[in-house]
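Peer 1: These protein sequence lines are chains Y and V, in that order. Under UniProt numbering, the residue at position 178 of the first sequence is numbered 178, and the numbers go up by one with no gaps. Under UniProt numbering, the residue at position 36 of the second sequence is numbered 36, and the numbers go up by one with no gaps.
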Amino acid sequence: MIATKRFNFGTPELLFTLSVAVLLIVVVFPMLLIFFNAFWVDGHFNVTDVLRVLQRQETYQALGNSLVLSGGVTVTGTLVGTLFAWLVTRTDLPFKKTMKLLFLVPFMLPAFIGALAWKMLLSPRAGYINRFFMDYLGFDSPIFNIYSYAGIILVETMYLFPFVFIQVSGALERMDPTLEESARISGADLFTITRKITIPLVMPSILSGALLIMLYSMAHFGTVAVLGIETGIYNIPTLIYEKIHQSAGSFDSIRTATVLATVLVITAAAILWLQNRILSKGRYQIIAGKSFRPSELKLRGLRIPILIFCLAYIALTIVLPTVTIFMVGGLKTYGLPFALENMTWANYSHILFEWDLTRDSIWNSISLGLASALVTMFAGVIISYVIVKMKVRGKGLLEFLGMLPFSVPGSVIALGVILAWSGKFGVSLYNTVWIILIAYIARYMAFSLKANSAALEQVHDSLVEAARASGATMAQALRDVVIPLVRPGMVAAFFLIFLPALRELTVSVLLYGPTTRTIGVAIYTLNEDGETVYSAALAGIALIIIVTGEVLIKRLVTGKNAA
Amino acid sequence: MAYIELKQVTKLFGAVRAVDRLDLDIAQGECVAMLGPSGCGKTTTLRMVAGFEDLDDGAIRVGERIISSKRDNFYLPPEHRNFGMVFQAFAVWPHLSVYENVAFPLRIRKLPKEEIAARTEEALKHTNLWKAAGDSPDDLSGGGKQRVALARALAIRPDVMLLDEPLSSLDPHFREEMRFEIKDLQRRFGFSILYVTHDQSEAMALSDRILVMRSGVVQQVGTPLEVYGEPANRFVFEFIGLSCFLDADLTPTGMRINGVDAAWPAGIAPAPELLAAGRACLAARPSEIDFVGEGGLRGIVSRKAYLGETVDYRVMVGDAEIRVQKGRRVPGPGIGEAVGLAFPRPHWYPTA
Ligand SMILES: Nc1ncnc2c1ncn2[C@@H]1O[C@H](COP(=O)(O)OP(=O)(O)OP(=O)(O)O)[C@@H](O)[C@H]1O
Ligand SMILES: [Mg+2]
């Protein structure tokens, strides 16, 4: 007995070791390199030098901008999200179900494509709306300059408010309506009830959604890159990009980038920690009991005006930018008015069938998405299995390592991957798709772990034990019993990764080489190079691919669950 | 004059007539219970009185004042009705302390500080919550939360208290205790109560009058004794207390049940129109059926069970089973014995 125990290195330990190794190489090693590069100067641990970097104007300005922009977006996004959530759950607004779905559409659309559209509409000189006001209505200056803090905040708000919307509408739907009715019968008017009862009760959900907005906005590259660089507004991710690209590997820029990345990681970790605390401590028991019946505030005279307001908001933030993208994509030359004789299909056929750069980018994004989703899905199911089901020592470590990338912004992962895989350690993947693939795997591993762990929690231990008792080996039990049961989790993980990977920009923009542009990178660089119509056309194609993908997958997943 | 008056109150949800032309008067200080099966429109009626639902017909008056009226399309908002209301799911606010929960309606009314303090304390003391004033309601048991809800409703010194199954989420032994507490509070403060329940013993114990409802339509309004003793129809008879029904063919001199003939029970014949129809339903409480040696409706005892104070018999008459309950001290027949059944207090209803 004792002898076998001592050398008991069976399947669990093997899986555990493998899992830890994968996470160490893919996640931990690049991250450590960032900290190492940031703090280790000329063979010394050096904090003063980090402070020196932080005191440079461009650095602290980028930090300040990140703070101002993400703070602004958080405030506006939270207000907008809470307002709409309240309208679709607590009032008799017409077509509430449809409106609710419409408010979720911005989640599907990549923010940087939206930014591109708004640039076309509201850039100070060439923007169509600004020109319309100046040329036809006699304004002598642009009505709004999108290349500004306000512009960036507005555009990001349009795409990030659903974080709060989802959380708050969920909380309001689950909330017992008699909590509000008892305040009403106590003599409080609706305004007082909203202020003293409703808002405080859903405050944990509001805050947690707000922190998610902040997290994403801090780490977000696209919108600031499209709208800010023109007027010198950099945030942390765009400055990292600038440093890496202009430096061609200069030591000082890489160090600056690693210092910025470190700040970003710490902030993100703090935000997530706070969110966790709010979620675990602050949830009130407000779930409805037996007598549940959603009671609606009658908007009476305001019903139609508010409906019109909501529809106008959707038209302005979803329809208008989308239409603009497709229209500009069909222009013979950027800047021409939208008249039939200026329109052509040629741009679309050119980027789809003739131009290698754009065709490659579509191919790259799809294959990268598939590959990273597959790899991460399988790695994720094995690692979650070890975490959830196996009794191995040290699995807490595994869980921590796996969830780590959740708090690591994309630009940080990309930077770490550059440091690790550009030849310093014997392997150079720089300028190949492999480096992007590795970064995607690191980035999306946490998604896969979450989905798979959730599915595995549902699988009771006795099922595996029954299989083992019937004579199956661990591997057979896995294949014949566990995998079929966790397939839903795996499918979910696959799509949770495939769809975002398809539209990814923040990571790939730091890692792309001449032939390894992703769709996002291609759209972004075409726009930078002044190829606005091609950029818009490609963005249009991307929107079609993304929306088709989302819709197909929703169908597929809900259809399967119903069966 | 009636203090609260509901007149022809009607509520439609699409095609469903949730409440259908309901009339009800409640006197000052009176407690009326609304009783009926699930989905019969009790909560809807209460919510119309509270002002949460508009009316599709009719009007509601309190004192001299119309508070809801379909004709004038006037609805006094709930926050101006000065009613106390207690909901089934407690609806105490978890983000406020017990004290703040009870003080909330007073603060809303912008009363002077001393008065808020005095009235909150009074309400908390009457509901035995004074010690828990600083606690969060989430730390209280179900009964504790329900007391907070009661105290909150009491604090405004309401003229009318609306209670929607306030005890149904409590443990059975708590329920009885709270019943007495509610009754005590009513005696002390003198408000009127409209009390929704589907528990008949609760309705009987608490109320001066009971309103029985079915599918939105009022079946009977009366004192507990009236409703129990003189049910207006078969539904009320069945809903309140134990019941037993027998379909009978009627002849001018007697009746025939399941092929067994018998004379009119104790000379109490059905109403002439039922007699003319030739068929009727004989209803009786199991405790109000007697065993007789001779005559009566003949049957055979098929089961006998001791339920503590009472003995529960099943008697087969043809192939119909009749339930009879007698006190344990009354000597009764054994299983397999042939007996006669007499009906000293029968009720006749048209055949269902
Ligand atoms: N908001 C609503 N929309 C549609 N139908 C409703 C609504 N509220 C109630 N109803 C319907 O009206 C009828 C009466 O409902 P109500 O809640 O008043 O019954 P209840 O007597 O309180 O029942 P319970 O004992 O289950 O609480 C039911 O058929 C119910 O389905
Ligand atoms: Mg009810």
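Using N, Cα and C, we set each Cβ at its ideal position, and we do this for glycine too.
#1: Going by the beta-carbon positions, is the gap between V:Lys-7 and V:Val-19 smaller than 8 Å?
#2: From Y:Thr-223 to V:Pro-158, what distance separates their C-alpha atoms?
#3: Assuming V:Leu-124 contacts V:Ala-133 under a Cβ cut-off of 8 Å, what Cβ separation, rounded to an integer in Å, is found between them?
#4: How about Y:Arg-359 and Y:Leu-352: are their beta carbons less than 8 Å apart?
#5: Name the residues in the region 75-104 of chain V whose C-beta lies less than 9 Å from a C-beta of chain Y; which are they?
#6: If the criterion is Cβ atoms closer than 8 Å, does the pair V:Met-85 and V:Leu-162 meet it?
#7: Name, in chain order, the residues that DSSP records as bridge partners for Y:Met-214.
#8: Can you check which of these residues, Y:Leu-499, Y:Ala-537, Y:Leu-264 and Y:Asp-529, is closest to Y:Val-551 by C-alpha distance?
#9: Pick helix, strand or coil for V:Ala-280, following the three-state DSSP scheme.
#10: Assign V:Arg-65 to one of three DSSP states: helix, strand, or coil.
#11: Assign Y:Glu-550 to one of three DSSP states: helix, strand, or coil.
#12: Can you find a CB in chain V that lies within less than 8 Å of the CB of Y:Asp-140?
#13: Starting from the beta carbon of V:Arg-109, find every residue of chain Y whose beta carbon is closer than 7 Å, and list them in chain order.
#14: Please find out if some non-hydrogen atom of ligand 1 comes closer than 7 Å to the beta-carbon of V:Phe-13.
#15: CB of V:Val-16 to nearest heavy atom of ligand 1: below 7 Å?
#16: From Y:Met-490 to Y:Ile-553, what does the alpha carbon distance come to, in whole angstroms?
#17: With 8 Å as the threshold, decide whether the Cβ of Y:Lys-290 is near any Cβ in chain V.
#18: Using a Cβ cut-off of 9 Å, pull out every chain Y residue sitting near V:Ala-50, in sequence order please.
#19: Short of 6 Å in beta carbon distance, which residues of its chain neighbour Y:Phe-406, apart from the five on each side in sequence? Order them along the chain.
#20: Let me check understanding here. Comparing Cα to Cα, which of Y:Val-433, Y:Trp-118 and Y:His-44 lies closest to Y:Ser-148?
#21: Quick one, are the C-beta atoms of Y:Glu-180 and Y:Ile-197 less than 8 Å apart?
#22: Which chain Y residues are close to V:Ile-156, counting only those with a beta carbon under 8 Å from its beta carbon?
#23: Rounded to whole angstroms, what's the CA-CA distance from Y:Ala-420 to Y:Leu-429? Just pull it up for me.
#24: If I'm right that Y:Leu-505 touches Y:Phe-221 with Cβ under 8 Å, what's the distance once you round it to whole angstroms?
#25: Output yes if chain V places a C-beta closer than 8 Å to the C-beta of Y:Pro-200; else output no.
#26: Is Y:Thr-178 close to chain V, meaning its C-beta is less than 8 Å from at least one C-beta of that chain?
#27: Using 8 Å as the limit for Cβ to Cβ distance, is residue 433 of chain V near chain Y?
#28: Mind checking who V:Val-160 pairs with in its DSSP beta bridge?
#29: What is the DSSP secondary structure of V:Glu-165, reduced to helix, strand or coil?
#30: Could you check which residue in V:Glu-230, V:Leu-282 and V:Phe-235 has the C-alpha nearest to that of V:Asn-258?
#31: For the alpha helix (DSSP H) holding Y:Ala-85, just list the boundary residues, first then last.
#32: Shorter than 8 Å from the beta carbon of Y:Thr-82 to some beta carbon of chain V?
#33: Under 8 Å, do Y:Arg-517 and Y:Asn-364 count as touching if we go by C-beta distance?
#34: Output yes or no for whether 8 Å exceeds the beta carbon distance between Y:Cys-310 and Y:Met-108.
#35: Write down every uninterrupted run of the alpha helix (DSSP H) in the region 114-144 of chain Y whose length is 4 residues or greater and which is fully enclosed by it, in chain order.
#36: Quick check: residue 358 of chain V and V:Arg-152, are their CB atoms within less than 8 Å of each other?
Peer 2: A quick look at the data gives this:
#1: no
#2: Computed Cα separation, rounded: 58 Å.
#3: 6 Å
#4: yes
#5: Pro-77, Pro-78, Glu-79, His-80, Arg-81, Asn-82, Phe-83, Gly-84, Met-85, Val-86, Phe-87, Gln-88, Ala-89, Phe-90, Ala-91, Val-92, Trp-93, Pro-94, His-95, Leu-96 and Phe-104
#6: yes
#7: Paired residue(s): none; Y:Met-214 is not in a bridge.
#8: Y:Leu-499
#9: strand
#10: strand
#11: helix
#12: No - not a single Cβ of chain V is within 8 Å of the one on Y:Asp-140.
#13: By Cβ distance, chain Y contributes Gly-187.
#14: yes
#15: yes
#16: If you take the alpha carbons of Y:Met-490 and Y:Ile-553, they lie about 14 Å apart.
#17: Annotation note: pLDDT 43 at Y:Lys-290 (below 50); position unreliable, coordinate value reported separately. With 8 Å as the cut-off, Y:Lys-290 counts as an interface residue toward chain V.
#18: Glu-181, Arg-184 and Ile-185
#19: Ala-446
#20: Y:Trp-118
#21: yes
#22: Those within 8 Å of V:Ile-156 in chain Y are Ser-186 and Gly-187.
#23: C-alpha separation (whole angstroms): 9 Å.
#24: 6 Å
#25: yes
#26: Yes, because at least one Cβ of chain V sits closer than 8 Å to the Cβ of Y:Thr-178.
#27: Not covered by the structure: residue 433 of chain V. The range shown for chain V is 1 to 352.
#28: V:Phe-83 and V:Ser-192
#29: Coil, per DSSP.
#30: Ranking the options by Cα distance to V:Asn-258, first place goes to V:Leu-282.
#31: 57-90
#32: no
#33: yes
#34: Taking 8 Å as the Cβ cut-off, Y:Cys-310 and Y:Met-108 do not qualify as a contacting pair.
#35: 128-136
#36: Outside the displayed span of chain V (1 to 352) sits residue 358 of chain V, for which this structure offers no information.
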